[in-house]
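First the structure, in the form of C-alpha cells, and then the observations on it.
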C-alpha cells in the first residue's frame, strides 16, 4: 500500500467526525499542493482529490504557462542587458521593463497574433516579444543599427513598428497612441473585420486629453478596442495620487460607460484572466473596455533618471519582494515543473540574448545621407538617385 494511503487512513481514524484536507505523500514523495487527500471521518474512508490548478481553470495548458514564464524571463534578461550595455558605454540610452513582466505577458496572451492590432507604449518590450518581435530586433533598435526593421536606427528603443505582425508605429508622446488606436478600431468596424485593437499605456497616459478624446469616441461608437493600462504608480517622478483624484485608473471607465477591470499586475495569471474578461466583451461587439494592471517599475524611469529624488530604497525593496518573475517561477515549481527544466530555460535564453547582442553589434550603422529618409512618403527612385 502506498505511503499516501497509509497516511490518509491513519489521519482519518485519529480524528473522527470532521472532514479535512492534507497533502498526499506517495512513497515518500510529496506531490504538488493541488494533489490532496480528502478525509471523510464520519464514514471512515478517504477519497483522493486532484484540484484543478489555477491555469487549468483559466483554460491554459502547462505548456502555455511555461511559455509565459519564458517570455517573462526573456523580457527581464533583455531589460537587464540593455541597462548593462548602457553602463558599459555601448549604448547611449536604456529603459527597464523590470516589474512589468506579468502585466505585459498576461495581457498580451489574449492577443491573436497576426490578426489583432497592437498599439504599444514605450515600455512594452514583453508585449512586443509575445507579438513577434525578437531579442535580435530589440538589440538592433538599442544599438541604432541600419538593419533595425522598426526604424532603421532612427528611434530610441521600444518604438516598435512591425506591420506584418500588426504592431503599429507609435508616437513618443505619452497618450497620443490612444487616438491612433481608436481610429484603427473605427476602420476595423467599418470594414466589418473580426479583429480588435489592443491599446497599451501607462497610468500617466490617461491624464492628458488624448485619452479622454479616445475613450469618449470609442465608447460613443462602440469600437473594438481594449485599453490596457500598466499602472506602475509613477509618471516618471510624479506619483499616482498627484496626477489623478480617483483611487484606480479603472474608475475612469464608468465616465465613458465602458466596463473597467482591475488586476494584480504582479501576477501573470490574474493579468491574463482580467484581460480575458475585457477581451470577451469587446470581441462580442460590446464596445471598448479598460483593464488596469497594477504593477511597479523596479528600475529608474530611464538610464538618465535619478529615482532617489522621488522614492525610497525601502519602497523599491517592498515591491521587489513581489517580483512577478519569481512569482511565476514559484508557481511552476508548485505544479510540478523541475528546477532543471527552469534552469535550462534561463540558459537557453542567455545564449540567445548574447548571440543577438553579438550579431547586432557586428551589423552596419545607418548612413548619414539616409537620415532624412522616411519623413515623407517615398515614390520610385529618380534617375539622379533621389526619390519622387
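In the working numbering, the protein residues as written are 154 to 541. C-beta atoms are modelled at their ideal positions from N, C-alpha and C, and glycine is treated no differently.
Take residue i and list the residues in its own chain whose beta-carbon comes closer than 8 Å to its own, dropping the five residues that flank it on each side.
| i | result |
| --- | --- |
| residue 545 | Residue 545 is absent from the model: the chain starts at 154 and stops at 541. |
| residue 399 | 405 |
| residue 251 | 229, 232, 233, 450, 451, 452 |
| residue 358 | 274, 327, 328, 330, 331, 364, 382 |
| residue 393 | 356, 384, 386, 387 |
| residue 518 | 297, 298, 299, 306 |
| residue 211 | 422, 425, 426, 429 |
| residue 354 | 274, 327, 328, 330, 331, 364, 380, 381, 382, 383 |
| residue 480 | 255, 419, 420, 421 |
Please classify residue i: does DSSP put it in a helix, a strand, or coil?
| i | result |
| --- | --- |
| residue 106 | Missing from the structure shown is residue 106; the chain here goes from 154 to 541 and no further. |
| residue 479 | helix |
| residue 516 | coil |
| residue 183 | With a pLDDT of only 44 at residue 183, under the threshold of 50, the placement of this residue in the model should not be trusted; the figure read from the coordinates follows. DSSP places residue 183 in strand when its eight states are reduced to three. |
| residue 383 | strand |
| residue 524 | coil |
| residue 319 | coil |
| residue 536 | coil |
| residue 276 | coil |
| residue 491 | coil |
| residue 350 | strand |
| residue 270 | strand |
| residue 192 | With a pLDDT of 42 at residue 192, under the threshold of 50, the modelled position of this residue cannot be trusted, and the question is left open. |
| residue 285 | coil |
| residue 355 | strand |
| residue 308 | coil |
| residue 200 | Any answer about residue 200 is weak, because its pLDDT of 42 lies below 50 and its placement is not dependable; what the coordinates show is given next. Residue 200: strand per DSSP, three-state reduction. |
| residue 531 | coil |
| residue 241 | coil |
| residue 174 | The predicted model places residue 174 with a pLDDT of 41, which falls under 50 and marks its position as unreliable; any figure quoted below should be read in that light. Of the three classes helix, strand and coil, the one that applies to residue 174 here is strand, per DSSP. |
| residue 472 | helix |
| residue 458 | coil |
| residue 302 | coil |
| residue 360 | coil |
| residue 255 | helix |
Give every residue of the same chain whose Cβ lies closer than 6 Å to the Cβ of residue i, excluding the five residues on either side of it in the sequence, and list them in chain order.
| i | result |
| --- | --- |
| residue 300 | 293, 516 |
| residue 385 | 448, 449, 450 |
| residue 322 | 314 |
Could you give the C-beta distance for residue i and residue j, rounded to a whole number, given that I count them as a contact under 8 Å?
| i | j | result |
| --- | --- | --- |
| residue 221 | residue 421 | 6 Å |
| residue 366 | residue 272 | About 15 Å separates the two Cβ atoms, so there is no contact after all. |
| residue 389 | residue 458 | 7 Å |
| residue 428 | residue 263 | 5 Å |
| residue 229 | residue 209 | In fact, because the Cβ distance is near 26 Å, the residues do not count as touching under 8 Å. |
| residue 461 | residue 260 | Actually they are not in contact, since the Cβ atoms of residue 461 and residue 260 sit about 30 Å apart, beyond 8 Å. |
| residue 246 | residue 286 | Between residue 286 and residue 246 the Cβ distance is about 18 Å, and since that is not below 8 Å, they are no contact. |
| residue 226 | residue 520 | The Cβ separation is near 36 Å, so there is no contact. |
| residue 318 | residue 266 | 7 Å |
| residue 410 | residue 360 | No, residue 410 and residue 360 are not in contact; Cβ-Cβ is about 20 Å, not under 8 Å. |
Classify residue i as buried or exposed, calling it buried when 16 or more other Cβ atoms lie within 10 Å of its own Cβ.
| i | result |
| --- | --- |
| residue 291 | buried |
| residue 418 | buried |
| residue 501 | exposed |
| residue 497 | exposed |
| residue 249 | buried |
| residue 529 | exposed |
| residue 408 | exposed |
| residue 396 | exposed |
| residue 445 | buried |
| residue 242 | exposed |
| residue 343 | exposed |
| residue 298 | buried |
| residue 295 | buried |
| residue 205 | exposed |
| residue 303 | buried |
| residue 276 | buried |
| residue 476 | buried |
| residue 174 | Model confidence at residue 174 stands at a pLDDT of 41, short of 50, so the residue's coordinates are unreliable; what they give is reported in the following sentence. Classification of residue 174: exposed, given that the 10 Å Cβ count is below 16. |
| residue 413 | buried |
| residue 441 | buried |
Closer than 7 Å: is that where the CB of residue i sits relative to any heavy atom of the ligand MN?
| i | result |
| --- | --- |
| residue 497 | Because no ligand of any kind appears in the structure shown, any question about the ligand MN cannot be addressed here. |
Going by DSSP, which residues form a beta bridge with residue i?
| i | result |
| --- | --- |
| residue 417 | 447 |
| residue 339 | BP columns for residue 339 are empty, so no partner. |
| residue 212 | Bridge partners of residue 212: none, in fact. |
| residue 249 | Residue 249 pairs with nothing; no bridge assigned. |
| residue 442 | 379 |
| residue 388 | 391 |
| residue 328 | Bridge partners of residue 328: none, in fact. |
Leaving aside the five residues before and after residue i along the sequence, list all residues of the same chain whose C-beta is less than 7 Å from its C-beta, in chain order.
| i | result |
| --- | --- |
| residue 224 | 258, 279, 282, 283 |
| residue 512 | 289 |
| residue 147 | Because the chain here runs from 154 to 541, residue 147 falls outside it and cannot be looked at. |
| residue 363 | 328, 329, 331, 332 |
| residue 104 | Given a span of 154 to 541 for the chain in the structure shown, any question on residue 104 remains unanswerable. |
| residue 182 | For residue 182, the pLDDT reaches just 44, beneath the cut-off of 50, and the residue's location in the model is therefore unreliable, leaving the point undetermined. |
| residue 469 | 451 |
| residue 474 | none |
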